[in-house]
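Trainee: With this note's numbering applied, the sequence shown corresponds to residues 3 to 501, in that order. Even glycine gets a Cβ: it sits at the ideal position worked out from N, Cα and C. Keep in mind that this is a model prediction, so the values were computed, not measured.
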Amino acid sequence: MGDAKVGCMQNHFTSVGSEMTDGDHLESGAPLPTMTDKNFRSTCQGDPRLPATVAPWMIDEIRQQDGRKVHDLVEQYGSPLHWINPVPFEKNVKNLQEIFKQFDLDSDIFFARKANKCLTFVESMQKLDGGVAVASIDELIQVLDFEMPSEKIICTAAVKSRELVQMCVQNDVTIVIDNRDELSLAAEISPSAKIAIRIGGFTHEGTKLQTRFGFDVDDVVSIIQKHCNLSVEGIQFDLEGCDWNQRVSAINQSLPIVDELREEGHPVQFLDIGGGFPVNYLENESDWDEFWTEHFSALQNRRPPITFQNHALGLGIYEGQIYGDANVYPFFQSPSQNEWLESILNSVSDDIKKRQLQLRCEPGRALLDGTGMTAARVEFVKERTGPCDDYFIGLSMNRTQCRSGSDDFLVDPILVKKSQISKPAKKSGYLVGAYCTESELLSLRKLHFPNGIERGDIVISPNTAGYFMHSMESRSHQFPLAKNYLYREDRLDDIDYLA
Ligand SMILES: *Cc1c(COP(=O)(O)O)cnc(C)c1O
Numbered sequence: 003m004g005d006a007k008v009g010c011m012q013n014h015f016t017s018v019g020s021e022m023t024d025g026d027h028l029e030s031g032a033p034l035p036t037m038t039d040k041n042f043r044s045t046c047q048g049d050p051r052l053p054a055t056v057a058p059w060m061i062d063e064i065r066q067q068d069g070r071k072v073h074d075l076v077e078q079y080g081s082p083l084h085w086i087n088p089v090p091f092e093k094n095v096k097n098l099q100e101i102f103k104q105f106d107l108d109s110d111i112f113f114a115r116k117a118n119k120c121l122t123f124v125e126s127m128q129k130l131d132g133g134v135a136v137a138s139i140d141e142l143i144q145v146l147d148f149e150m151p152s153e154k155i156i157c158t159a160a161v162k163s164r165e166l167v168q169m170c171v172q173n174d175v176t177i178v179i180d181n182r183d184e185l186s187l188a189a190e191i192s193p194s195a196k197i198a199i200r201i202g203g204f205t206h207e208g209t210k211l212q213t214r215f216g217f218d219v220d221d222v223v224s225i226i227q228k229h230c231n232l233s234v235e236g237i238q239f240d241l242e243g244c245d246w247n248q249r250v251s252a253i254n255q256s257l258p259i260v261d262e263l264r265e266e267g268h269p270v271q272f273l274d275i276g277g278g279f280p281v282n283y284l285e286n287e288s289d290w291d292e293f294w295t296e297h298f299s300a301l302q303n304r305r306p307p308i309t310f311q312n313h314a315l316g317l318g319i320y321e322g323q324i325y326g327d328a329n330v331y332p333f334f335q336s337p338s339q340n341e342w343l344e345s346i347l348n349s350v351s352d353d354i355k356k357r358q359l360q361l362r363c364e365p366g367r368a369l370l371d372g373t374g375m376t377a378a379r380v381e382f383v384k385e386r387t388g389p390c391d392d393y394f395i396g397l398s399m400n401r402t403q404c405r406s407g408s409d410d411f412l413v414d415p416i417l418v419k420k421s422q423i424s425k426p427a428k429k430s431g432y433l434v435g436a437y438c439t440e441s442e443l444l445s446l447r448k449l450h451f452p453n454g455i456e457r458g459d460i461v462i463s464p465n466t467a468g469y470f471m472h473s474m475e476s477r478s479h480q481f482p483l484a485k486n487y488l489y490r491e492d493r494l495d496d497i498d499y500l501a
């Protein structure tokens, strides 16, 4: 579908939600209604709509002085600006701690720092007697600078230099060993290196879960017998995706390895089940289902596209059939975090307890749920060429500043208008970013602005703290990195002052 009509269809925005009525039938010149808890979403919606779960503090911040505060902070610190609030983070940690307690399990939670770089979260983990999982030498140095106790740090870096392993050994930090080269390196550096062994290749429902990480579950014991003269203190795995049943399979296949290594004399104290705790970004499952129904229709040319140039979001289409899996995070899912962990523990907690084994986990995304949002300023709204009734909306932001491995961030942004009075005629289009490529879209979805959109307005993406803010950020084109504003403390996170 490469023709000029693609993406230039009529405005198909018909599903006017109840929240939209306020701003919709105004006398010209009358001010727009004040933002309320109910209508704050009404000024920006996708088609179909994907209303986000928005934490109350975000709504409160967006409503401060009818949006003036958000505008002023972006003016002060630059666009885009990330908001960070550690309070919900701490609540998320405590919720998980509470569940472990209910199951009477010896447990420890290590925050996977790579999911958000802000140091306020390291401080929170320290306060809550949790730990941090580090994935690089600089993450490690920063955590050590916080005087985090060594037993509360675990190094899970995917590739480990000698310098990193050395620094772990010097500071008594446990290293999660991924392969035989790392095992030899650690042993060469010190016979007292603290190590855990990463394993993978578990069988789930008759299929082996392929992975690039770790020792294969089927040969790990014999490899350790033959080649390991260090003491193994723990077993770790981290699985792709969010299927709790797979975690149960992996735990059930890890426990016999714990037993065998203990019989060999290794002081195995913990089993670490990694991350992947699911997060739900959307209010309603029905919106998510409708999105996919409409997207499939669009890909089969049964309706106008709902993504830019009918972008497939990773799906394949051949002769009207749709193949493969979409390359997007499951933005709606259930069960999320707490029930998910409970489902796992219901199946395995007895087997773990009877071995007097500590259960550890390394959540990243789930601890960051509800802790951050990203705001960027509109710099232009320009007509698309061709027979379009929509616009390109240029933001002072690039695509690495709100992005993960997903093809798109599938939630509706929130528009904070610069003026409560003006009602520009420009009412729909695509958000484009500052990189000089045709593909630089900030969202692939066509968005609708019932009260119009203009230069100086602010577009906010809610719930971006897990991965979206930092995991892809880049200084390409010499754009500065976005700043991280600590809500409540009214200052930037310390990470913004490090080189
Ligand atoms: C990324 C990562 C995590 C965190 O994953 P989430 O999906 O954010 O919970 C945990 N452990 C390891 C080893 C990782 O690489």
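For serine 351, which residues of its own chain have a beta-carbon under 7 Å away from its beta-carbon, when the five flanking residues on both sides are left out?
Mentor: For this step, residue 351 is matched to residue 349 along the sequence shown. Answer for serine 351: Phe105, Leu107, listed in chain order.
Trainee: Cβ of threonine 158 versus every heavy atom of ligand 1: is any distance shorter than 7 Å?
Mentor: For the purposes of this step, residue 158 is taken as the residue at position 156 of the sequence shown. Checking every heavy atom of ligand 1 against the Cβ of threonine 158, one is found closer than 7 Å.
Trainee: Pairs of beta-carbons, one from the region 371-387 and one from the region 454-472, closer than 8 Å: are there three or more?
Mentor: Because the criterion of three Cβ pairs below 8 Å is met, the region 371-387 and the region 454-472 touch.
Trainee: Could you compute how far the alpha carbon of threonine 176 sits from the alpha carbon of aspartate 371?
Mentor: In the sequence shown, counting from the first residue as 1, residue 176 sits at position 174. In the sequence shown, counting from the first residue as 1, residue 371 sits at position 369. Whole-angstrom Cα-Cα distance: 27 Å.
Trainee: In three-state DSSP terms, what is arginine 493?
Mentor: On the sequence shown, position 491 is the one that residue 493 refers to. Arginine 493: strand per DSSP, three-state reduction.
Trainee: Can you tell me which of Asn329, Tyr489, Leu494 puts its alpha carbon nearest to the alpha carbon of threonine 373?
Mentor: Sequence index remark: in the sequence shown, residue 373 carries index 371 (1-based). Checking every option, the nearest Cα to that of threonine 373 belongs to Tyr489.
Trainee: Taking valine 178 and glutamine 238 to be in contact with their CB atoms under 8 Å, please state how far apart those CB atoms are, rounded to whole angstroms.
Mentor: Start at 1 with the first residue of the sequence shown, and residue 178 comes out as number 176. Start at 1 with the first residue of the sequence shown, and residue 238 comes out as number 236. Going by Cβ atoms, the distance from valine 178 to glutamine 238 rounds to 5 Å, so yes, they are a contact pair.
Trainee: So, is the C-beta of leucine 52 closer than 8 Å to a C-beta in chain D?
Mentor: Annotation note: the requested chain D is absent from the structure, which comprises a single protein chain.
Trainee: Going by DSSP in three states, glutamine 238 sits in which element: helix, strand or coil?
Mentor: Looking up residue 238 in the sequence shown gives position 236. It is a strand residue.
Trainee: Between the C-alpha atoms of glutamate 29 and serine 424, what's the straight-line distance to the nearest angstrom?
Mentor: Indexing the sequence shown from 1 puts residue 29 at position 27. Indexing the sequence shown from 1 puts residue 424 at position 422. Annotation note: pLDDT 38 at glutamate 29 (below 50); position unreliable, no value reported.
Trainee: Out of Asp147, Leu361, Ser192, Ala198, state which residue places its alpha-carbon closest to the alpha-carbon of isoleucine 111.
Mentor: Locating residue 111 in the sequence shown gives position 109, counting from the first residue. Closest by alpha carbon: Leu361.
Trainee: Go through its chain and collect everything with a Cβ distance to aspartate 218's Cβ below 6 Å, but skip five positions before and after it.
Mentor: As a first step, residue 218 is located in the sequence shown; it is residue number 216 there, counting from the start. Excluding positions up to five away in sequence, the list reads Gly203.
Trainee: Once the 5 residues before and after methionine 22 are set aside, which same chain residues still bring their CB inside 7 Å of it?
Mentor: The count along the sequence shown starts at 1 and reaches residue 22 at position 20. Any reading at methionine 22 needs caution, since the residue's pLDDT is 35, under 50, leaving its predicted position unreliable; the model's value is listed next. Here the set comprises Ser44, Pro452.
Trainee: Can the beta-carbon of valine 502 be found less than 8 Å from the beta-carbon of isoleucine 199?
Mentor: There is simply no residue 502 to check, as the chain begins at 3 and stops at 501 in what is shown.
Trainee: DSSP three-state label for threonine 23, please.
Mentor: As a working note, residue 23 is residue 21 in the sequence shown. Low confidence applies to threonine 23: its pLDDT is 34, below 50, so where it sits in the model is not reliable, and the reading given next is rough at best. It is helical.
Trainee: Can you grab the Cα-Cα spacing for the pair phenylalanine 123 / glutamate 364, in whole Å?
Mentor: Taking the sequence shown and counting its residues from 1, one reaches residue 123 at position 121. Taking the sequence shown and counting its residues from 1, one reaches residue 364 at position 362. Rounded to the nearest angstrom, the two C-alpha atoms are 14 Å apart.
Trainee: Using the Cα positions of tryptophan 290 and leucine 284, report the straight-line distance between them to the nearest angstrom.
Mentor: Sequence index remark: in the sequence shown, residue 290 carries index 288 (1-based). Sequence index remark: in the sequence shown, residue 284 carries index 282 (1-based). Cα to Cα, tryptophan 290 sits roughly 8 Å from leucine 284.
Trainee: What would DSSP say about aspartate 498, mapped onto helix, strand or coil?
Mentor: Taking the sequence shown and counting its residues from 1, the one referred to as residue 498 is at position 496. Three-state result, aspartate 498: helix.
Trainee: Taking buried to mean at least 16 other C-beta atoms within 10 Å of its own C-beta, is histidine 27 buried or exposed?
Mentor: Sequence index remark: in the sequence shown, residue 27 carries index 25 (1-based). In this prediction, histidine 27 scores a pLDDT of 35, lower than 50, which makes its location untrustworthy; no coordinate-derived value is stated.
Trainee: Which same chain residues end up closer than 7 Å to proline 258 when comparing Cβ atoms and leaving out the 5 residues on each side of it in sequence?
Mentor: Along the sequence shown, read from residue 1 onward, the residue named residue 258 stands at position 256. Same-chain partners within the cutoff: there are none.
Trainee: Please report the straight-line C-alpha distance between serine 478 and glutamine 172, rounded to a whole angstrom.
Mentor: Position 476 of the sequence shown, counted from the start, is the residue given in the question as residue 478. Position 170 of the sequence shown, counted from the start, is the residue given in the question as residue 172. Going by the C-alpha atoms only, they are around 35 Å apart.
Trainee: Taking DSSP as the reference, what is the three-state secondary structure of lysine 485?
Mentor: Position 483 of the sequence shown holds residue 485. Here lysine 485 sits in strand by DSSP.
Trainee: Specify the secondary structure class of isoleucine 155 as computed by DSSP and reduced to three states.
Mentor: Mapped onto the sequence shown, residue 155 falls at position 153. Three-state result, isoleucine 155: strand.
Trainee: Going residue by residue through the region 242-311, where are the continuous beta strand (DSSP E) segments of at least 3 residues, counting only ones entirely within it?
Mentor: DSSP runs (the beta strand (DSSP E)) wholly in the region 242-311: 272-274.
Trainee: Suppose contacts are defined by Cβ-Cβ distances below 8 Å. Is arginine 164 in contact with alanine 135 by that definition?
Mentor: Taking the first residue of the sequence shown as 1, we reach residue 164 at position 162. Taking the first residue of the sequence shown as 1, we reach residue 135 at position 133. Taking 8 Å as the Cβ cut-off, arginine 164 and alanine 135 do not qualify as a contacting pair.
Trainee: Using the Cα positions of lysine 228 and serine 256, report the straight-line distance between them to the nearest angstrom.
Mentor: As a working mapping, residue 228 is identified with position 226 in the sequence shown. As a working mapping, residue 256 is identified with position 254 in the sequence shown. Straight-line Cα distance between these residues: approximately 19 Å.
Trainee: Is serine 398 near proline 82, with beta carbons less than 8 Å apart?
Mentor: Within the sequence shown, numbered from 1, the residue matching residue 398 stands at position 396. Within the sequence shown, numbered from 1, the residue matching residue 82 stands at position 80. The answer is yes: Cβ separation under 8 Å.
Trainee: My output table needs one value for methionine 60: the three-state DSSP class, helix, strand or coil.
Mentor: Taking the sequence shown and counting its residues from 1, the one referred to as residue 60 is at position 58. It is helical.
Trainee: Looking only at C-alpha atoms, which of His472, Lys485, Ile155, Asn465 sits nearest to proline 58?
Mentor: On the sequence shown, position 56 is the one that residue 58 refers to. It is Asn465 whose Cα lies nearest to the Cα of proline 58.
Trainee: So if I measure from each beta-carbon to every heavy atom of ligand 1 and keep distances below 6 Å, which residues remain?
Mentor: Every residue passing the under-6 Å Cβ criterion appears here: Ala114, Lys116, Ala117, Ala135, Thr158, Asp240, Gly276, Gly277, Gly278, Phe279, Glu364, Pro365, Gly366, Arg367, Ala368.
Trainee: I need the straight-line Cα distance from phenylalanine 411 to cysteine 404, nearest angstrom please.
Mentor: On the sequence shown, position 409 is the one that residue 411 refers to. On the sequence shown, position 402 is the one that residue 404 refers to. Cα-Cα distance, rounded: 8 Å.
Trainee: Using the Cβ count rule (16 or more neighbours within 10 Å means buried), how would you classify valine 72?
Mentor: Within the sequence shown, residue 72 is the residue found at index 70, counting from 1. Looking at its Cβ environment, which holds 16 or more other Cβ atoms inside 10 Å, valine 72 is buried.
Trainee: Going by Cα to Cα distance, which pick from Asn41, Pro53, Asn94, His84 is closest to aspartate 492?
Mentor: Counted from its first residue, the sequence shown places residue 492 at position 490. That would be His84, whose Cα lies nearest to the Cα of aspartate 492.
Trainee: If you follow the alpha helix (DSSP H) that threonine 504 is in, where does it begin and where does it stop?
Mentor: The question about residue 504 has no answer, for the chain in this structure spans 3 to 501.
Trainee: I need the boundaries of the alpha helix (DSSP H) containing proline 90, first residue and last residue.
Mentor: The residue labelled residue 90 in the question sits at position 88 within the sequence shown. Where proline 90 is concerned, the enclosing alpha helix (DSSP H) stretches over 88-104.
Trainee: Select from Ala314, Glu292, Phe310, Phe293 the residue whose C-alpha is nearest the C-alpha of leucine 301.
Mentor: Position 299 of the sequence shown holds residue 301. Among Ala314, Glu292, Phe310, Phe293, the Cα nearest to that of leucine 301 is on Ala314.
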